[in-house]
Amino acid sequence: MPLLALLVLLGWPLVVAVLFQRMARPRAMVWSILAGYLLLPQLVEIDLPAFPGLNKHMVPALAAAVMVWFVTKDRAADEPAPPPMGPWVAGLLAISFASPLLTAMTNPDPLVDGVNYRPAMSISQGVGDLIVQVLQLLPFLMGYKLLWNAKGAELWSRCLLLGVLCYSIPMLIELRLSPQINVWVYGYFQHDFIQTIRYGGYRPIVFLEHPLWVALMTMTAFLAAIAIARNHRTRRNLLIAAYLGCIVILCKSAGALLQALMAAPLVAFARPRTMVLAAAVVGTVALAYPTLRTTSWMPLQGIVDLALSISPERGRSLEFRLMNEEALLARAMERPVFGWGGWGRSLFYDPYSGRLASVPDGQWVILIGARGVFGYLAQFLLLLTPIFALWRAMPGGRHPPRQKEMVILGAVALMLAMNLLDLIPNATLTPLTWLTAGALLGNARRLRLGIRDQAGNQDDSPESARILPKKAGLRTVL
């Protein structure tokens, strides 16, 4: 393990402490998680006794959570309390936390296949997976707690935009010189180099898992830039949005480019409620994909033929992915309720060489194989619920109250929906995904309950407009 990479990961809690000392809690929390995701090394973990390995996704979230709930809790008195999550979200959280334990309890048998031996799941392994699940959901909980108002949603959009703008500099360097920044800084390359070569050039990866992760993050920042430019039509904002649009194209990811073509016109021109409705439709398709792919409504062969006509290389890659999905889904359905658990028990290995014979790409098939339908629905519904909650709470009409705020929330809903759609072919579930979901859910609950935000605004829904104070007289009505 490279020494510098380990030292940077170990030292990140100190960076988080400095951020919370110098910034307001919402801003410090956002930058702790966002900067950690952008800069910390990949494939490096801190191994502690009787504790799961801590990587770049967990260390920033854990350090920020300690600062939010323990070190700076005295500052919480100056902040308005977030609205209650409601029984539905609380139930989904409880199911998410119970899923690893139930999976461990229902997989007490070891698997022996030729030279391959995969151990049985134990209660201690289930507890370890539960700890991992809690750490993964910390950004969701902190996003709900600190970004639940209009200022929080715009803060998240602007921080993501600024972070990707700064990140575009090393991205452009890698586009020109090949992906080498992780090698220059940390001394190793974090993925298969052949994956960074596309269309006669390179795709940037910088410090992330894969070029596809970089492309997705850039696309979401592009949507945030369009929303900000729509609310504040200045030359600088328009140029930033155009610049990020060019960066999305240079990332050479067909998926991110198609998602941008789907969502960018909606963010630029559609009504906020229409944006959220489109996000709800896209999110529902992503949730229902495991079922839809078995029906005639999802013409998979037609999609493969179209991809082959555009690019034989991309078409064969898509066909390979779909074949793997078929095999892995059939394997998952052998234990459909709670899944197979960890240790690669849901995957196929060659019985003679012991090598991995299946490649799980999509987050959905990974979840169904490891946690079953129980765990899959818990996590995907937890990501989809904020979009539907916002759709129910958002005021309608051509000019809804607080138009600029609604545009930002509609853009954030589309950002989350496009990430959900990307979970079909890729495992792009990151701390930024959970942070987006938490912020969106908090704002949806605020609008639904008509709670005042930090700016002193109140929900202007028709229900609240009809309610007058008990001592309402002529002056109050006027």
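Converting from the sequence shown to my numbering requires adding 26 to each position, the first position being numbered 1.
Just so it is clear, CB atoms sit at the ideal spot from N, CA and C, and this is done for glycine as well.
**Item:** Anticipated Cβ contact below 8 Å, A419 with V438, distance rounded
**Value:** As a first step, residue 419 must be located in the sequence shown, where it is residue number 393. As a first step, residue 438 must be located in the sequence shown, where it is residue number 412. About 14 Å separates the two Cβ atoms, so there is no contact after all.
**Item:** Whole-angstrom distance between L191 and I199, CA atom to CA atom
**Value:** Position 173 of the sequence shown, counted from the first residue, corresponds to residue 199. Position 165 of the sequence shown, counted from the first residue, corresponds to residue 191. One C-alpha to the other measures close to 13 Å.
**Asked** Mind checking whether I273 and S337 have CB atoms under 9 Å apart?
**Response** As a working mapping, residue 273 is identified with position 247 in the sequence shown. As a working mapping, residue 337 is identified with position 311 in the sequence shown. No, the pair does not count as a contact, with Cβ atoms beyond the cut-off.
**Message:** Check this for me: beta carbons of P451 and G388, under 9 Å apart or not?
**Reply:** Stepping through the sequence shown from its first residue, residue 451 is reached at position 425. Stepping through the sequence shown from its first residue, residue 388 is reached at position 362. G388 sits close to P451, with the two beta carbons spaced by under 9 Å.
**Asked** Alpha carbon to alpha carbon, how far is L313 from E351?
**Response** Along the sequence shown, read from residue 1 onward, the residue named residue 313 stands at position 287. Along the sequence shown, read from residue 1 onward, the residue named residue 351 stands at position 325. Cα-Cα distance, rounded: 15 Å.
**Prompt:** Which residues share a DSSP beta bridge with F364?
**Reply:** Position 338 of the sequence shown holds residue 364. Per DSSP, none; premise fails for F364.
**Prompt:** Hey, K254 and R184: beta-carbon distance below 9 Å or not?
**Reply:** In the sequence shown, residue 254 corresponds to position 228, counting from 1. In the sequence shown, residue 184 corresponds to position 158, counting from 1. For the sequence presented, residue 254 should be read as Ile rather than Lys. Cβ atoms of I254 and R184: closer than 9 Å.
**Request:** Starting from the Cα of L409, find the closest Cα among M441, G422 and E431 and give me that residue.
**Result:** Taking the first residue of the sequence shown as position 1, residue 409 is located at position 383. Nearest in C-alpha terms to L409, of all of M441, G422 and E431, is M441.
**Asked** How would you label E360, buried or exposed, when you count the other beta carbons within 10 angstroms and need 16 or more for buried?
**Response** Position 334 of the sequence shown holds residue 360. The Cβ neighbour count for E360, taken over all protein chains shown within 10 Å, is under 16; the residue is labelled exposed.
**Message:** Here's the rule: buried if 16 or more other CB atoms are within 10 angstroms of the residue's CB, otherwise exposed. What is I252?
**Reply:** Reading the sequence shown from its first residue, position 226 is the one you call residue 252. Burial is judged here by how many other beta carbons sit within 10 angstroms of a residue's own beta carbon; I252 has at least 16 and is buried.
**Request:** Could you check the C-alpha separation between S335 and P75 for me, to the nearest Å?
**Result:** Here residue 335 refers to the residue found at position 309 when the sequence shown is read from its first residue. Here residue 75 refers to the residue found at position 49 when the sequence shown is read from its first residue. Their backbone Cα atoms lie some 53 Å apart in a straight line.
**Item:** Distance, M168 Cα to W174 Cα
**Value:** Working through the sequence shown from its first residue, we reach residue 174 at position 148. Working through the sequence shown from its first residue, we reach residue 168 at position 142. In this model, W174 and M168 are separated by some 10 Å (Cα to Cα).
**Request:** Identify which residue in D100, M243 and Y143 has its Cα closest to the Cα of A61.
**Result:** Taking the sequence shown and counting its residues from 1, one reaches residue 61 at position 35. When only C-alpha atoms are compared, the closest one is M243.
**Selection from L187, Q206 and I220 that minimises the alpha carbon distance to Y214** = Taking the first residue of the sequence shown as 1, we reach residue 214 at position 188. Per the C-alpha coordinates, the member of L187, Q206 and I220 positioned closest to Y214 is Q206.
**Prompt:** Grouping DSSP H, G and I as helix and E and B as strand, with all else coil, what is G380?
**Reply:** What you label residue 380 is simply residue 354 of the sequence shown in a count that begins at 1. Coil.
**Separation of L435 from K177, as counted between CA atoms** = By one-based count along the sequence shown, residue 177 stands at place 151. By one-based count along the sequence shown, residue 435 stands at place 409. Roughly 11 Å between the two C-alpha positions.
**Message:** According to DSSP, simplified to helix, strand and coil, what is F77?
**Reply:** Position 51 of the sequence shown, counted from the start, is the residue given in the question as residue 77. The answer is strand: DSSP assigns F77 an E or B state.
**Request:** State the Cα-Cα distance for the pair S279 and L203, rounded to the nearest angstrom.
**Result:** In the sequence shown, residue 279 corresponds to position 253, counting from 1. In the sequence shown, residue 203 corresponds to position 177, counting from 1. S279 and L203: Cα-Cα distance of roughly 18 Å.
**Message:** If I measure Cβ to Cβ from R256 and keep anything under 8 Å in the same chain, skipping five residues before and after, which residues do I get?
**Reply:** Position 230 of the sequence shown, counting from 1, holds the residue named residue 256. The answer, listed in chain order, is V293, A294 and V433.
**Message:** Restricting to Cα atoms, I'd like to know which of A356, L407, P427 and P362 is closest to S384.
**Reply:** The sequence position of residue 384 within the sequence shown is 358, counting from 1. When each option's Cα is compared against that of S384, the closest is A356.
**Prompt:** To the nearest angstrom, how far is it from the Cα of H236 to the Cα of F219?
**Reply:** Looking up residue 236 in the sequence shown gives position 210. Looking up residue 219 in the sequence shown gives position 193. Rounded to the nearest angstrom, the two C-alpha atoms are 10 Å apart.
**Asked** The alpha helix (DSSP H) spanning L455 covers which residue range?
**Response** To locate residue 455, count along the sequence shown from 1; it is residue 429. DSSP places L455 in no alpha helix (DSSP H); its state is neither H nor E.
**Prompt:** How about Q221 and R229: are their beta carbons less than 9 Å apart?
**Reply:** Indexing the sequence shown from 1 puts residue 221 at position 195. Indexing the sequence shown from 1 puts residue 229 at position 203. Pairing Q221 with R229 gives a Cβ-Cβ distance under 9 Å.
**Message:** My output table needs one value for Y402: the three-state DSSP class, helix, strand or coil.
**Reply:** On the sequence shown, position 376 is the one that residue 402 refers to. Helix.
**Message:** So L467 and A415 are supposed to be a Cβ contact under 8 Å. How far apart are they, rounded?
**Reply:** Working through the sequence shown from its first residue, we reach residue 467 at position 441. Working through the sequence shown from its first residue, we reach residue 415 at position 389. Right, their Cβ atoms sit about 6 Å apart.
**Message:** In this structure, how does DSSP classify R256 when only helix, strand and coil are distinguished?
**Reply:** Numbered from its first residue, the sequence shown carries residue 256 at position 230. R256 falls in the helix class under three-state DSSP.
**Request:** Kindly confirm or deny that the stretch 147-162 and the stretch 75-84 touch, where touching means at least three C-beta pairs closer than 8 Å.
**Result:** The answer is yes - the stretch 75-84 touches the stretch 147-162, with three or more Cβ pairs under 8 Å.
**Request:** Mark M349 as exposed unless 16 or more other C-beta atoms lie within 10 angstroms of its C-beta, in which case mark it buried.
**Result:** Numbered from its first residue, the sequence shown carries residue 349 at position 323. Exposed is the call here.
**Asked** Per DSSP, what kind of secondary structure is L373 in: helix, strand or coil?
**Response** Along the sequence shown, read from residue 1 onward, the residue named residue 373 stands at position 347. Of the three classes helix, strand and coil, the one that applies to L373 here is coil, per DSSP.
**Asked** If you draw a straight line from the alpha carbon of Q429 to that of Q47, how long is it in whole angstroms?
**Response** Reading the sequence shown from its first residue, position 403 is the one you call residue 429. Reading the sequence shown from its first residue, position 21 is the one you call residue 47. Using only the alpha carbons, I get a separation of about 34 Å.
**Request:** Could you work out which residue in R381, E431, A282 and R371 is closest to A443 when comparing CA atoms only?
**Result:** Position 417 of the sequence shown, counted from the first residue, corresponds to residue 443. Taking only the C-alpha atoms, the option nearest A443 is A282.
**Request:** Could you please give me the residues that DSSP links to Y170 through a beta bridge?
**Result:** In the sequence shown, residue 170 corresponds to position 144, counting from 1. Paired residue(s): none; Y170 is not in a bridge.
**Prompt:** How long is the line joining the alpha carbons of D331 and L264, rounded to whole angstroms?
**Reply:** By 1-based counting over the sequence shown, the position of residue 331 is 305. By 1-based counting over the sequence shown, the position of residue 264 is 238. Taking C-alpha positions only, D331 is separated from L264 by approximately 38 Å.
**Minimum C-alpha distance to L382 - residue among G140, A87, V211 and A146** = Start at 1 with the first residue of the sequence shown, and residue 382 comes out as number 356. Cα-wise, what sits closest to L382 is G140.
**Asked** For Y214, which of helix, strand or coil comes out of DSSP?
**Response** In the sequence shown, the residue the question calls residue 214 occupies position 188. DSSP places Y214 in coil when its eight states are reduced to three.
**Message:** Within 10 Å of its beta-carbon, does V138 have 16 or more other beta-carbons around it, so buried, or fewer, so exposed?
**Reply:** Counting from one through the sequence shown, the residue named residue 138 turns up at place 112. Exposed is the call here.
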